[in-house]
Structure formats: structure tokens, C-alpha cells
Amino acid sequence: MGTSTTDGGTTPAQLSNTTVTVDESGGADYLRIQAAIDNVSAGSTVEVRPGTYREAVTVDKSLTLTAPDGAVLNGSTLDSEASAVTIVGDAEPLISGFTITRYGTTGIDAQGTTGAWEATDLEIAETDGFMGTGVNAEGSSGNWVVSDTLVRDSYRNGVNARQSNGSWLLENVTVTDTVFGNGIRADESTGDWVMRNATVSDTRDDTTGIAVFETVGDWTITETTVVNNSRDGIEATNTVGSWRITNSTVAENGQFGVNVGGPATATTTGANWSIIGATIESNGDAGINAEEVTGPWRVHETRLVDNGVGVDATGAAERGAVERNWWGATDGPSGVANGSGDAATGNLSVTPYYTDSALTALSTASAGDGVDVSTSATMISPDEPGALRTELTNTGDTAVSTAVVFDDLAGVTVREADASAGTWDNDTDEWEIGALQAGASASLTLDVSADTSGTSLPSERNVSATMTTGETTQSLSYPVTVAAADDLSMTVGTVTAETGETVVIPIETEPVRGGVYYAGTVSFDASVVHVANVSMDDEDAFVWSEADNQNGTVEFGIESADYLTDPVVNVTFDVVGDSGTATAVNVSDRTVYTTGADYVGFPVTNGSVSVASGEGDTGDTAPPELDSEAVQQDDDIAVTVSSNESLASLTGVLSDSDSVYREQITLSAFDESVLNGTYVYETVYGGAGDGEYEFTATATDTAGNEVTETETFLIGTQSSNDSTIRLSVETPTEAVGVNDTAPVELVAGDVDSFVGAYEATVSVPAESGVRFTSANVTGSPAFSDAEYSENNTTVRLSAVGMETADGPSPDLAELTVAVDRVSGEREEQIPVTVSNANVSDENGTELSVESTENGTLDVVTLSAIGPSELPPTDPDGDGHYEDVNGDGNVTVSDVQALFTSRDDASVREQASLFDFNDNGRFNIVDIQRLFYTELV
């Protein structure tokens, strides 16, 4: 620590990797912040206690400067050119917890810096000099972060990143009431930066909320609110690059909501920009100004309401794709579409548009450009109709009599017809257009539902029609897929690669017909792989993605000028993990929108990336550990081999005890997957039949180590010659939380005939906080009963006249348990037992209960931290929960999760879990302790 609580005298040797304290009233290591910084080395922490500090601080090293209980930096007595904190050169400090007020120049001055510094949990107010700016990173090149910060009443700019070229991040930042400058400016920047969950409001004196003109990078503004600024909400003129604004609100700005063009500031050729999922309303001159823009652009899934003009594309060089938007009226925009909503003017297409503010119903699509006839595929769910579209254009020189007759509706029913020309006859299923004039277009949209009675889903159908034009007939086809969400299936690829390689994981969803949007969130272990790119082979597809290689996620969204069919997204990963490591590649938030039904959360088979040992890696001398299992599958035998590491070769030989049957299968015939770090290899031996089998597995790992394992399996009715049965309780593998329910099954095993009757008691401990809420005896019994104990911790099941499946493992009962405990261990395994059982076959012959196998219910009373869906765990059993995000590993992601959520209720209410220095309280010091002990 420092030599005294005064800041004068001889400067001591710099303190290394330590924590020092500052208190302006005495009693700490230092009185002044600058003295503390000067006397510690990089990696140290300067902890500032509450008080008011009238200093201009310079940070020239990578350290933590924090006020965990709050402290004020006040510049009212300093000269007008003072800044509260100045970051120098390549320093990468973390600055947090301060209120900064009344400095003449800057709250955080990071001009020209090159380091990845971070400023978080700050309030910066009244930087009131002529150049007063809250955070100034002009000309910086580092990947810095400003988060959880309020900047208000700056005279010049709230945040200034002008001429920066780093891929920086602004997150959870609020900028309000700037006087004579922009709320946030990033003009002339060249980096691929992200602005997320920001609020920019109330700029004064004819200034803009967010100024990003003359930028070159592929930047993103998402989940951001830009309101009530005196001029534009967002100015993005003269830009180059592929930038986008998503899921944001831009409202009540004086001139334009989003200003991208104009006669004096036409967008530079090459810019490719999009606005998706936004709300743009009540802006003075126009919601979106795209006058005279020259690059490709699109606006989708956006609400444009009560603006002076909705979208102005006067003089735009490229036709804007401004489709699938809500214009404030059911008949679409005024202007080019002759509706009554916000106006759409200039070179743009607006159909189809949404006819409701909830964005659920689309208008008739526009006719195909230069196409005689086009038809659409559609998806129909049992609960949601679809749409069959026909679009005609007469490209000839004379009028022609035209009609379309639907010959076979293939089990779909027309609920409503919308024809832009001619008439629809419900009795004959005919669209009579009459004379279609030269150059004219006509369209028909049939709102259809599907008859699913007696039909297994998904069901592929084909609606057919015949078009007659003059003397000519032409057959038309409309592919229809009827499916519920559970009938769709996403498959994620699996691959094994070496460190340093680049791999591609395909993500395919089928069946999909007439898709208009495809999205999901991919999660992975960032210590094993990093996302390099997200792409799609469809040349007409518009692909956006947002990768977070620190926390191991990438979001993607796909739109296409053509309809999507069984879409495949390719995620390219750089393999960065060590040999022998692996990561699951999981996809959540799975979404497919089609011309008919929309599907969310459909089933997925997740994939993996495994890191193989390199050819020169000779350090691994341990052979792989194998475990083999076999089950009967119809007339075949399915064999599963599990290994603790990836296998380079695998040979399996299955033979019966008399050596009559023998079959050898090699690695190529096994399906490989990774489940929770275990490598699983599955195959099927055809026509093996019942009997006793010997299975020998010989395997080598990627380092060349070999192992052979032999096991004996009893398959089918020959597995037991006695009238015996085994009873087991099957419980879920996932942990169950408080107030959750979980299924439990009572299952018979080793059964060679029907179970006709049984009675058994299923129980949980009386004080476990777990109880039975329902019990259903399966097997269609003639008589059955379920008798509960007073506290519902025991249920006695009985049934007579059952019709169970004929072996080998029929279900006897399905039960539900609920967890309503209010105390107990944080993580506890609750046994679920079966006892006092009597069983007979269908003839009344007693089946001796040879054995019982009890289940275990994993009960967790912990809450997940931050965005994680899993509660924290204690991997080494020392009482400290180092695995903060619950993924089973302790990495820098756990430190990041705890740091980011340190003030959340999920952490504060469980603070004792994270008291890593055992002093009875939790604060930033414990986070540093976790970082140092686990990762340094």
C-alpha cells in the first residue's frame, strides 16, 4: 500500500498488481486519485471512496479505477480546459462508478487512444465549456466500450467518436439535452462499431441526435431510441459500407427521422443500408429521407406513422425495397400506392405492405416484373391459414382474354379471395379476368386453410390450376406444406478440426416453403471457436448477423428477394481451442416466417465442433475410455459407443454366442455426435435378432493411442428364461427449479410378455419439498387407481386389465412432481423410489420383480445470472460458485457475466455464492479474486 495518507514527500516504488484506496477525507492509502494512479503499476486497482474530488486525472496505464460506492469528480473550480479523466496512448483502463460534473472540456477524454479501454456505470453531467463533451474518443483506433452510462447537459457533444477507426461499442448509454452539438457523433468513422440499447434525446439549437454521416464501416444501431431532437434523429448521409438500423424507435424529431440523402448530400455509390424492425413516427419533414441515394437500400418490418412523409425516395438511383411495412392505414401508403397512410414517394416499391399495426397481415403482393405468370408456395399450420398467390402481366402488344381455373385444391379450402382485376367464383374455383390489356397486370390472393383430419404432418401437397389465355392453356402449380411448429426440424452440423483451421457449420431447417424470414441465435464456447462469418448460398439473400465472440453468441437473420425453401445458413468458425476440447453449437430463438404461417421454437438437433490433436502432438499417451450399450430396435440391434475423446478410428464386431451371426462395422458406419463433452458413436446391426451377443470395440484416438473393449449383451426374449420383471423410475436429466414441475415415469424392463396388472408405491422423501401432483396409469387398464399420502409425497398405483406394449420396456405410469420448497441445499438430488410392487402378465401369471431402479431428481434453488438460462455451479465443491454462467466450465466468460451483472438482483440476492475472498461480503474485489485465481 502507499507509504502514508498524504500525497507529498518521496514517491515510493510503484506497487504491482494490488489494490489501493483513496479517500479525500483521510484514513486511506491516498488523499488524491492522481497520486494513487502514479504509484501503482498496470494491473492494479485504485478504489475511490465516497467524497468529492476536484482533480483532473490522467491514466497512462492499464488499471482499474473504480468508485464501488460512488464518488464525485467535480471540475467547477478548475480551468475551462480541464477534463475529469484523460486516457493516454495504448492504456486500457476500466473506469467505473463515478459521477463526473462541471468540467470545462471533457468527462472522459480518450482522443487518439489506441487501447481497448472501458468506461461503465458513470454519470457525466454539465461539461459546460465551449468544447464540452461527455466522452471524447475522436480519432481513436481501439475497440473501446462505454456502457451503463448517462451523459446529460453537454454543451458540445454527448459522445464523440468522430474519425475513429475501431470496432467500439456503446451499450445502455443515455445521452440527453446536448446544447450546441450532436447527442452522439461518429461521422467520418471507418470501424464496424455497434450502438445497442442507447437513448438519445432532446438535442437543442438545430442539432441531430446521432450523426453518422460520411462513415465507411459496416456499423449497426440496434434497440436504440432516438426522440425529440431539434433537427434529425439520425443523419447518415454520404456513407459507404453495409450499415443497418434494427429494432429501434426514431420519433418526434424536428426534421427527418433518418436522413440518408438529399440534393446536396447524396449517398456515395457503394453504400448498402437497411432499416429493419423499426418504429419511425411523428418526425417533421419525413420519417426516412432517401432523396437521390445511389446505393442499394431496403426498409422492412417497420412502422411508419404520422410523419410529414413516410419515405421520400425522390431521385433515388436504385429502386428501394420498402416492402412489408405498416404505414398507419389498412390500405397502405399514400403517394405511389394511393392509400391513406404515410406517403411513399419516389423510386421505391412498397407492396406487399402490412394492413395492421401488429404486422401480421400482408396486402396483395405486386406483380412480377417482366414475368407472364408467377405462383407462390405457402406453408399452412393447423391453426394459421396460408396464401396462394397468382400474378400475371400481359407482356404482349394486344389485350388477351384470360382465366385461371383451379383443378385440384388438394385438401385446402378457400376462405377468402382477393382479386385485383376480374372476379372469383367460389362455386367453380375460377378466376375470370376477362380482357387483360397490353402491359397490364393482375393478381389473385387466395386465403386458404388445410384439412388435417386423418393426415400425419408434415404433409406435402400440390394445388394445381389451368390458365387459359386466348387459345393457349398452361398448367400452374402451387406447392403447399401443412405443418405445425413441431413438424419443422432444424439440423446443425457437426465437425472435427484442428486448432487454427476454419470450419463451416450448416444450419438447415425443413420443411420450409415460401419463406420470407429465417433467424436464430447460435451459442458456442468462445474458448473453442470464434465466429468469422455468417453466409448463405442464395445470391438473392440479405444476411445480417451480430457476433459476440467474447460471450459465445451470434445472431443471424435472413431475408431474400426470392422465397426461401429449406434454408441453409452457413456459420464459419475459426478453431481456437486446444487439442481435445469441444463445444456444442446450439441454436435458440429459432424463427421462420413464411407467406402463410409463422413458426417459432421448432425442434432442433444441435451440432458441435471438436478440436482434434495435431499430427505433431505426441503429449497424449492415455488411450480413450470406451463404454458400449445395445438395445433392440425392431429386428435390428442399435449399438452406442461412448468415448471421453474424439476417435480417429473405430471398429465394432458383433457376434452371437454360437458364432452363427458375426458382423464388423468401421468408423464410417457410425453416426458421431458430442453430448456434454462425451463423444457418442451410434450404429445399427441389421437382422441380428434375439440372443446373447458379444460386442468388441477397437478404437484409436487422434494421438494414435489404441484400446479394445468387449461387452456381452442379452437381447430380446432370450435375455431371461424366468418370469421376472424389472421396475425403474425415469426422471428428467435437466435440473428442476423452485415452483417448476417435472415428469416422472414408472417403466417395466426385461419384459417378454404383456403386463396385465400391477401395484407399486412411488415415493419422495417427506421433507424434500417435492410432491406428486398427478398420476396417470398407462396401458389402457380396465380398472386403475392412484392413492396419495396426506402430504402427496407417496402415491400407490394399481391397475388391472392392462394392454401394455409387448416388451421390452413398456410404460406403466406417468406422474408429475412439483418443487415448492422454500429452504434446503442450493443443489440437491432427491431420490424418487419404487417399492412394494406386485406384477402379473395378461394371463394372471405372477412376474417376479427381479430388481428396482430408483430415479434421481436434481433440484436447484439458485437463480441464473444475467442472460444465462442456467444457474451457477460449484465445480470444485469449495463452496464458491466459480461457474457463474452455469455452462460447466470456468472461463473469462464467467468473470464477464459476474462483472456485468454485479448490481443485478440475481447477484445481490445470492451474494454469498460469490464471496471468493471469504470476508462475508461481495463487491468488485471478489470479481478480481475470481479473475486472478482462476484465469491468471
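Under this note's numbering, the first residue of the sequence shown carries the number 2, and numbering increases by one thereafter.
Glycine included, every Cβ here is placed at the ideal spot set by N, Cα and C.
Can the beta-carbon of Thr699 be found closer than 8 Å to that of Thr652? Less than 8 Å separates the beta-carbon of Thr699 from that of Thr652.
State buried or exposed for Gln256, treating a residue as buried only when at least 16 other CB atoms are found within 10 Å of its CB. Buried is the call here.
Need the endpoints of the beta strand (DSSP E) that Thr697 sits in, please. Thr697: member of the beta strand (DSSP E) spanning Gly692 to Asp702, first to last residue.
DSSP three-state assignment for Ile866, whether helix, strand or coil: Reduced to three states, the DSSP call for Ile866 is coil.
Please report the distance separating the alpha-carbon of Thr356 from that of Ile246. Note on geometry: alpha-carbon atoms of Thr356 and Ile246 lie some 23 Å from one another.
Per DSSP, the bridge partner or partners of His301: Checking the DSSP bridge columns, you'll see His301 partnered with Ile277.
How big is the Cα-Cα spacing for Thr794 and Gly878? For Thr794 and Gly878, the distance between alpha carbons rounds to 30 Å.
Around the Cβ of Pro744, are there at least 16 other Cβ atoms within 10 angstroms (buried) or fewer (exposed)? With fewer than 16 other CB atoms across the displayed protein chains lying within 10 angstroms of its CB, Pro744 is exposed.
Let me check understanding here. Comparing Cα to Cα, which of Val413, Thr874, Ala378 and Val306 lies closest to Asp343? Closest by alpha carbon: Val306.
Here's the rule: buried if 16 or more other CB atoms are within 10 angstroms of the residue's CB, otherwise exposed. What is Phe1? Here the chain covers residues 2 to 937 and nothing more, so residue 1 does not appear.
For the region 404 to 469, which segments carrying the beta strand (DSSP E) assignment without a break, of at least 3 residues, lie completely within its bounds, in sequence order? Listed in chain order, the beta strand (DSSP E) elements of length 3 or more contained wholly in the region 404 to 469 are 413 to 420, 424 to 426, 431 to 437 and 442 to 451.
Hey, out of Ser785, Pro782, Glu768 and Ser790, whose CA is closest to Thr774's CA? Considering only Ser785, Pro782, Glu768 and Ser790, the residue with the shortest C-alpha distance to Thr774 is Ser790.
With 16 as the cutoff for other CB atoms within 10 Å, does Ser849 come out buried or exposed? Counting Cβ neighbours within 10 Å, Ser849 comes out exposed, since fewer than 16 surround it.
Under DSSP, the beta strand (DSSP E) around Asp549 begins and ends at which residues? Asp549 -> beta strand (DSSP E) spans Ala542 to Asp549.
In the structure shown, what three-state DSSP assignment does Arg390 receive? Assigned with DSSP and collapsed to three states, Arg390 falls in strand.
When we look at the beta-carbon of Val833 and count the other beta-carbons within 10 Å, is it buried (16 or more) or exposed? So Val833 ends up on the buried side.
State the Cα-Cα distance for the pair Glu829 and Ser841, rounded to the nearest angstrom. Spanning the two alpha carbons is a distance of roughly 36 Å.
Among residues of its own chain, excluding the 5 on either side of Phe917, which ones have a beta-carbon nearer than 6 Å to its beta-carbon? Around Phe917: His881, Asp927, Arg930 and Leu931.
Which residue marks the beginning of the alpha helix (DSSP H) containing Ser907, and which one marks its end? Going by DSSP, Ser907 is part of the alpha helix (DSSP H) stretching over Ala906 to Arg909.
Examine the Cβ distances between the region 603 to 611 and the region 623 to 630 and report whether three or more of them are shorter than 8 Å. In short, these stretches do not touch, since the Cβ pair count stays below three.
Taking the beta carbon of Tyr519 as the centre, do at least 16 other beta carbons fall within 10 Å, making it buried, or is it exposed? With 16 or more Cβ atoms within 10 Å of its Cβ, Tyr519 is classed as buried.
Assuming Val49 and Ala72 form a contact by the criterion Cβ under 8 Å, report the distance between their Cβ atoms to the nearest whole angstrom. 5 Å between Cβ atoms; contact.
So, are the CB atoms of Gly262 and Val310 less than 8 Å apart? For the pair Gly262 and Val310, the CB atoms are not nearer than the 8 Å cut-off.
Per-residue DSSP class, three states only, for Arg320: Residue state, collapsed to three classes: coil.
Please classify Trp327 as buried or exposed, where buried requires at least 16 neighbouring CB atoms within 10 angstroms. With 16 or more other Cβ atoms within 10 Å, it is buried.
Own chain partners of Thr175 with C-beta closer than 6 Å, once the 5 adjacent residues on each side are dropped: Answer for Thr175: Leu151 and Thr200, listed in chain order.
Would Leu360 pass as a contact of Val312 if the rule is Cβ separation under 8 Å? Going by beta carbons, Leu360 and Val312 fall outside the 8 Å limit.
Could you tell me whether the Cβ atoms of Ala411 and Val513 are closer together than 8 Å? No.
How should Val737 be labelled, buried or exposed, when 16 other C-beta atoms within 10 angstroms of its C-beta is the threshold for buried? A residue is called buried once 16 or more other Cβ atoms fall within 10 Å of its Cβ, and Val737 is buried on that count.
Across which residues does DSSP place Gly342 in a beta bridge pair? BP columns for Gly342 point to Pro334.
How is Arg930 classed by DSSP in three states: helix, strand or coil? If DSSP states are grouped into helix, strand and coil, Arg930 belongs with the helices.
Of the choices Leu445, Val569 and Ala252, whose alpha-carbon is the least far from that of Val415? When the alpha-carbon of Val415 is set against those of Leu445, Val569 and Ala252, the nearest one is in Leu445.
Proximal residues to Glu93 (C-beta, below 6 Å), its chain only, five neighbours per side dropped: Counting only Cβ-Cβ distances below 6 Å, and skipping sequence neighbours, we find Ser63, Gly116, Ala117 and Trp118.
Is the distance from the Cβ of Leu447 to the Cβ of Leu363 below 8 Å? Result no, Cβ atoms of Leu447 and Leu363 do not sit closer than 8 Å.
How many angstroms separate the CA atom of Leu32 from the CA atom of Thr874? About 41 Å.
Can you give me the start and stop residues for the alpha helix (DSSP H) that Phe755 sits inside? Counting along the chain, no alpha helix (DSSP H) covers Phe755, and no H or E run does either.
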